[in-house]
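**Q** Numbering-wise, my numbering comes out as the position in the sequence shown, counting from 1, plus 1004.
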Amino acid sequence: MPKKLLLEHIDVPSIETFETYRRHGGYASVEKALKTMTPDAVTEEVKKSGLRGRGGAGFPAGLKWSFLDRKSEKPRYLVCNADESEPGTFKDRYLMEKIPHLLIEGMITASYALGAKTSYIYIRGEYMYIVRILERAIEEAYAAGFLGQHILGTPYSLDLYVHPGAGAYICGEETALLESLEGKRGNPRLKPPFPAVAGLYAAPTVVNNVETIAAVVSIVNGGGDEYAKVGLGKSTGTKLISASGHINKPGVYEIELGLPVEEFIFSDEYCGGIWKGRKLKAVVAGGSSVPILPAHLILKTAKGEQRLMTYESLADGGFISGTMLGSGGFIVMDETACIVRNLWTFSRFYHHESCGQCSPCREGTGWMEKVLHRIEHGHGHMHDIDLLVDVAKKIEGNTICPLGDAAAWPVASAIRHFREEFEYHVKYPEKVANPKHFELEPFRSERLELSNA
C-alpha cells in the first residue's frame, strides 16, 4: 500500500475535532519540538527531508526557512498561503476541511522553528465555510494549551489568526498576499527585498503553502532522514494530487512521488482510467498554469522513458516536450475535449485575474482571450495562431510576478503540440460552431492514434 503521511486518518469519524485528532497522535510534533528540540534543529530536520514547496514552485522548504533574517530586531512571521485559486487544484481545501488540526499543528511547529510569535493563515474568500472550520479548530487548540501563552508550559508563545482574502488569484503570489494581509490592494511587490528580509509589515516573513506546512508534522515526528526515504531522488515524500477531468475516479489522492503517470491515470487505485472507454488525449499535470502535454508525451518522455510523478521527470525535455508538477492540479482530457476551447477558458481566467500592474500581462492576457475567442467561434485566421505565439512570447519573463508566465505557457504549449487542431478551427468554422463539436465528431490526429495504440 502507498505510504500515507497526510491523509492517513482522513476517514476517521470526527477527525476534525481536537479530541479525536489528539487521540490519533495529533500534536505530537509540537510536544517533540518544543520540549526536546531547538528551533534550529527543527529547521535542520526540514532541510534533511528534502521537502519542496507544494504550492507550485517546488523550492526546498528548509532552504527557504534558512533565508529568514534572524538578526533583525523586528518580529518574525509565518504566513500560510491557503489562497488556493489555481484552476484544477483543490487539495488544500480538502485537507483543511477534513483534518484542520493537521494544518494548525504544522503552523505551531513551523512557527516555533522560525521564532514567530504571531502567524496567519491567509485563505481565499470563497472558502468561508472552511474559515469557520479552521477558527473552530483554533479555538480548541487554544483551550487545550497548544496556542497562546507559554505553550505546554514552555517559554514559547504563539497567536494564530485566519484571514480571508477577497477571491483574487493574484494573492496566491506571496508578496501580493502580504500586501492584501496588510490591508492594501493585492499587487505583487518588486523583489528584492524578499519576504525573508522584509515581508509582512516589513519584517522577516516565511510564506508556505498549506500542504507544505502540514508535511512538517510527519517530518518532525519521524525525522527528516526517514521522510527523505519516501519518494524518488530530489522529489521526496508524498504529494497530494487533485485529479479531475475525463476520468472514472476524480478526487484528491496522496501519492508517493515517483509513481508512474500511466499507473496514476489508469490503475483502479487512483484515477481508474478514462471514462466511457474513451481515449486519452491530453493532460494538464500541475494546474492550469503549466504546459499541456499530449498523451504520448505525458506517458513517456521524448526519450521514450516512462514518465514519473516527480518534479524532475515531468520537467524532462523542458517546455519543448515536458511540463511541471506545479500544484498537482491533474486535469485529464479525453478525445472529445477541444484544446482550443479549454485554452480559451484558461485565458479568460488569466485576463480576469491579472492585477493590471504590468502592461505585458494586462494587455497581453486580453489579446490572447480575444484571439482565442475568435478562433474557437469560427472567425479565426491562420495568422492568428502565430499572433498568439508572439503575444505569449512578449508576456513571458516581462512581468513582476509569474502570473504573466502562467498565462503564456499554456498558450505556447497548446499550439506547439496541437497546432493542427487550431488550424482545423480556422479551416472548418461551420464544424466548430457547436460548442460540443468534438463530442459529435472527435478530432483525429496521427499523434492521438499512435499514443493510444
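Built from N, CA and C at the ideal position, the CB exists for glycine as well.
If distances are taken between C-alpha atoms only, which option among F1270, L1407, H1381, I1404 comes closest to E1427?
**A** H1381
**Q** What do you get for L1452, buried or exposed, if any count of 16 or more other CB atoms within 10 angstroms of its CB means buried?
**A** Per-residue confidence for L1452 stands at a pLDDT of 47, beneath the threshold of 50, marking its modelled position as unreliable; the derived number appears in the next sentence. By the 16-neighbour rule on beta-carbons within 10 angstroms, L1452 is buried.
**Q** Is E1450 helix, strand or coil when you go by DSSP?
**A** Low confidence applies here, because E1450 scores a pLDDT of 45, under 50, leaving its location unreliable and the question unanswered by this model.
**Q** For H950, tell me which candidate among L1347, K1007, T1369, R1345 has the shortest Cα-Cα distance.
**A** The requested residue 950 does not occur in the structure, where the chain is confined to residues 1005 to 1457.
**Q** Only counting the same chain, and skipping five residues up and downstream in sequence, which positions put a Cβ closer than 7 Å to that of E1450?
**A** With a pLDDT of only 45 at E1450, under 50, the local geometry of the prediction cannot be trusted, and no value is derived from it.
**Q** Consult DSSP for K1184 and reduce its assignment to one of helix, strand or coil.
**A** This sequence places Ser at residue 1184; Lys is not what is there. Reduced to three states, the DSSP call for S1184 is helix.
**Q** For P1254, which of helix, strand or coil comes out of DSSP?
**A** coil
**Q** Taking Cβ positions, are L1407 and E1130 nearer each other than 8 Å?
**A** no
**Q** Do you know offhand how far C1342's Cα is from F1442's?
**A** 6 Å
**Q** Does Y1432 get closer than 8 Å to chain D when you measure Cβ to Cβ?
**A** You won't find chain D in this structure, because it holds only one protein chain.
**Q** In this structure, does DSSP put L1151 in helix, strand or coil?
**A** coil
**Q** Can you tell me which of the three DSSP states V1287 falls into?
**A** strand
**Q** Could you tell me whether the Cβ atoms of L1055 and R1080 are closer together than 8 Å?
**A** Contact flag unset, no.
**Q** Taking Cβ to Cβ, would you say P1414 is nearer than 8 Å to S1271?
**A** no
**Q** Hey, quick one: how far does the alpha helix (DSSP H) through S1351 stretch, first residue to last?
**A** 1343-1357
**Q** Does the separation of the CB atoms of K1435 and E1445 fall below 8 Å?
**A** yes
**Q** A1457 by DSSP, collapsed to three states: which one?
**A** Note on A1457: pLDDT 46, under 50, position unreliable in the model; the coordinate value appears next. DSSP places A1457 in coil when its eight states are reduced to three.
**Q** If we call anything under 8 Å between Cβ atoms a contact, is M1328 one with A1299?
**A** no
**Q** To the nearest angstrom, report how far apart H1250 and I1112 are at their CA atoms.
**A** Cα atoms of H1250 and I1112: separation of roughly 39 Å, rounded to the nearest angstrom.
**Q** Within 8 Å, do at least three Cβ pairs link the stretch 1124-1140 to the stretch 1318-1326?
**A** no
**Q** So, at 6 Å on beta carbons, what are the nonlocal neighbours of L1284 in its own chain, with the 5 sequence-adjacent residues on each side left out?
**A** I1278, A1299
**Q** Given a threshold of 16 other Cβ atoms within 10 Å of its Cβ, counted over all protein chains shown, does P1439 qualify as buried or as exposed?
**A** exposed
**Q** So the candidates are L1082, L1162, K1280; which of them puts its Cα closest to the Cα of P1185?
**A** With the sequence shown as reference, residue 1185 is identified as Leu, and Pro is not the correct amino acid for it. Shortest Cα-Cα distance from L1185 to any of L1082, L1162, K1280 involves L1082.
**Q** Roughly how many angstroms separate the alpha carbons of T1047 and N1085, rounded to a whole number?
**A** 19 Å
**Q** In whole angstroms, what separates the C-alpha of G1330 from that of K1102?
**A** 23 Å
**Q** Please check the pair G1062 and Y1231, which I expect to be a contact at CB under 8 Å, by giving their CB distance rounded to whole angstroms.
**A** No, G1062 and Y1231 are not in contact; Cβ-Cβ is about 16 Å, not under 8 Å.
**Q** Once DSSP output is grouped into helix, strand and coil, what is the label at V1294?
**A** coil
**Q** Beta carbon of L1151, beta carbon of I1137: below 8 Å?
**A** no
**Q** Within this structure, are the beta carbons of V1214 and L1067 separated by less than 8 Å?
**A** no
**Q** Among S1358, E1260, I1269, whose alpha-carbon lies nearest the alpha-carbon of N964?
**A** The structure shown does not extend to residue 964, since the chain is modelled only from 1005 through 1457, so no value can be given for it.
**Q** Please list, in chain order, all residues of the same chain as I1217 whose beta carbon is under 7 Å from its beta carbon, the five residues on each side excluded.
**A** C1084, L1107, G1110, M1111, A1114
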